[in-house]
Amino acid sequence: MSPHLTEIVFALGREQQLVGVSDYSDYPYSQGCVDKGCSVKLPSIASYQGADVAAIIRLKPSIILAWEGGNKAQDIARLEQLGYPVYRSSPTNIEALMEEILSLGETLNAVPKSKQLHAKMIKQVEQIKSQYADNKANALYYMSQQPLSGMGSDKWLNSLLSLCNINNIYTELPTAYAQFSIADIIRKQPEIVIVANHQSTASVSAFWAPHLAVFEPKVVMVNPDALHRFTPRVLPELALLCKKVHF
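At position 156 of the sequence shown the residue is numbered 156 (the UniProt record's numbering), and the sequence of numbers has no breaks.
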């Protein structure tokens, strides 16, 4: 019932077991498609508004994969009350994600593939840590320009950035996400501005252009679909981000 869980099922080679997916389950193929040609299009059974419990019942799943941070608690509880086994996903850092991949490998009878993915991810994490052990950078990380808002104390993203010594200037905020003021950003003077949305480079440059006299950071664009989802795809995107920031 979440895009990241759909993606992990594909990564484990168990997409043929899927009977329904959430909205935005658009990787590695288009929404709901199980292959490139979309020979089968799976129904959407969950969105930000909640799970479609009636539709789930009609599909008769043998197990339900749910995201504790995204699916509504009452929907998960209702499905469990109806007798469905529910796997609860709730990773807050890369180590927890790697453990979940092993756990899902057992749940979906894909242990060899899950162990292979786990080993590959460990190597990727160690490579990132060692490559940037002597580098440091302070960064603003935002997703929206109107209004200007982005990452505060979000555990997942901050833990990722810390792997290559990128310090989020708003990590001490009490909320995971917040709105920012230009004046405060200029006062903090981060060397790096990380833009996690699908806006054009020209649009981002135009936004910061009026402030260049007092604030001229290095601007780095990232793919939020890859970096924000709890999947193996996050590590190649993180490696690319770290390279852009430090070199």
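Note that the Cβ used here is the ideal one computed from N, Cα and C, for glycine as well.
request  = Could you tell me whether the Cβ atoms of H37 and K72 are closer together than 7 angstroms?
outcome  = Here residue 37 refers to the residue found at position 37 when the sequence shown is read from its first residue. Here residue 72 refers to the residue found at position 72 when the sequence shown is read from its first residue. First, the amino acid is wrong: residue 37 is Gly here, not His. Their beta carbons are not under 7 angstroms apart, which means G37 does not touch K72 by this criterion.
key: With 16 other Cβ atoms within 10 Å as the buried cut-off, status of L82   = The count along the sequence shown starts at 1 and reaches residue 82 at position 82. L82 should be labelled exposed.
query = On the premise that V21 lies in contact with S44, defined as a C-beta separation below 8 angstroms, what is that separation, rounded to the nearest angstrom?
reply = Taking the first residue of the sequence shown as 1, we reach residue 44 at position 44. Taking the first residue of the sequence shown as 1, we reach residue 21 at position 21. That pair is a contact at about 6 angstroms.
Three-state secondary structure assigned by DSSP to K243 = The sequence position of residue 243 within the sequence shown is 243, counting from 1. Looking at K243 - three-state DSSP - the assignment turns out to be helix.
ask   = Which same chain residues, not among the five before or five after F215, have their C-beta less than 6 angstroms away from its C-beta?
value = Working through the sequence shown from its first residue, we reach residue 215 at position 215. So the list reads I186, once near-sequence residues are dropped.
query = Excluding the five sequence neighbours on either side, which residues of its own chain have a C-beta within less than 6 angstroms of the C-beta of A55, listed in chain order?
reply = For the purposes of this step, residue 55 is identified with residue 55 of the sequence shown, where counting begins at 1. The answer, listed in chain order, is I45.
query = Should H228 be labelled buried (16 or more other beta-carbon atoms within 10 Å of its own) or exposed?
reply = Working through the sequence shown from its first residue, we reach residue 228 at position 228. Burial call: buried.
task = May I ask you to report which of helix, strand or coil DSSP gives L104?
result = Looking up residue 104 in the sequence shown gives position 104. In the structure shown, L104 sits in a helix (DSSP, three-state: H, G or I).
key: beta strand (DSSP E) segments (min. 3 residues) lying fully within the region 21 to 108   = 44 to 47, 64 to 67, 86 to 89
ask   = Is DSSP giving M221 helix, strand or coil here?
value = If you number the sequence shown from 1, residue 221 lands on position 221. M221: strand per DSSP, three-state reduction.
query = Thinking C-alpha only, which one of S162, E172, Q146, S25 is nearest V195?
reply = Taking the first residue of the sequence shown as position 1, residue 195 is located at position 195. Residue Q146 is the option with its Cα nearest to V195.
query = What separation, rounded to the nearest whole angstrom, lies between the Cα atoms of T201 and L163?
reply = The residue given as residue 201 occupies position 201 in the sequence shown. The residue given as residue 163 occupies position 163 in the sequence shown. Distance between the alpha carbons of T201 and L163 is about 26 angstroms.
ask   = Using CA coordinates, which residue listed in S39, L148, E126, L5 is at the minimum distance from Y87?
value = By 1-based counting over the sequence shown, the position of residue 87 is 87. Nearest C-alpha to Y87: L5.
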